[in-house]
Amino acid sequence: MRLQFDVTDERAIQLEALMNRCDIYTKKELMSYALSMLEWAVEEVELGHDIAAIDRKEKQFFSLRMPIFDAVKRRMAKTQAAGN
Numbered sequence: 003m004r005l006q007f008d009v010t011d012e013r014a015i016q017l018e019a020l021m022n023r024c025d026i027y028t029k030k031e032l033m034s035y036a037l038s039m040l041e042w043a044v045e046e047v048e049l050g051h052d053i054a055a056i057d058r059k060e061k062q063f064f065s066l067r068m069p070i071f072d073a074v075k076r077r078m079a080k081t082q083a084a085g086n
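Residue numbers for the sequence shown, in our numbering: 3 to 86.
This is the structure in structure tokens:
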């Protein structure tokens with residue numbers, strides 16, 4: 003399958019910078035990593051888990067908030083309500 007995306011010049015520069023930071027050489031590889039992370043995050047949200055960064059030194063965590071996770075939570079709530 004071939005995918006094509008239109009992004010702004012600014013976003014293209016950001017993507018290239020991210021690829022350089024991560025030693026990623028192709029956009030295909032970048033998309034593979036991005037989709038793998040998103041798939042894992044959605045599965046965790048479906049299990050009722052938060053996606054978070056942990057500051058072990060300060061013993062704090064910072065949850066990642068994204069509209070896509072809210073959509074997953076709504077779908078899970080509807081599924082659970084229908085099953086009850």
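Cβ atoms here follow ideal geometry from the backbone N, Cα and C, with glycine treated the same way.
Practice problem: Run the CB neighbour count on residue 47, radius 10 Å, all protein chains shown included, and call it buried at 16 or more, exposed below. | Solution: buried
Exercise. Could you work out which residue in 52, 74, 75 is closest to residue 64 when comparing CA atoms only?
Key: 52
Self-check item: Helix, strand or coil at residue 63 according to DSSP, with G and I counted as helix
Solution: strand
Quiz item: In chain order, what residues of the same chain have a beta carbon less than 6 Å from the beta carbon of residue 32, not counting five sequence neighbours either side?
Solution: Excluding sequence neighbours, residue 32 sits near 21, 26.
Quiz item: If we ignore side chains and look at the alpha-carbon of each, how far apart do residue 67 and residue 60 end up?
Solution: 21 Å
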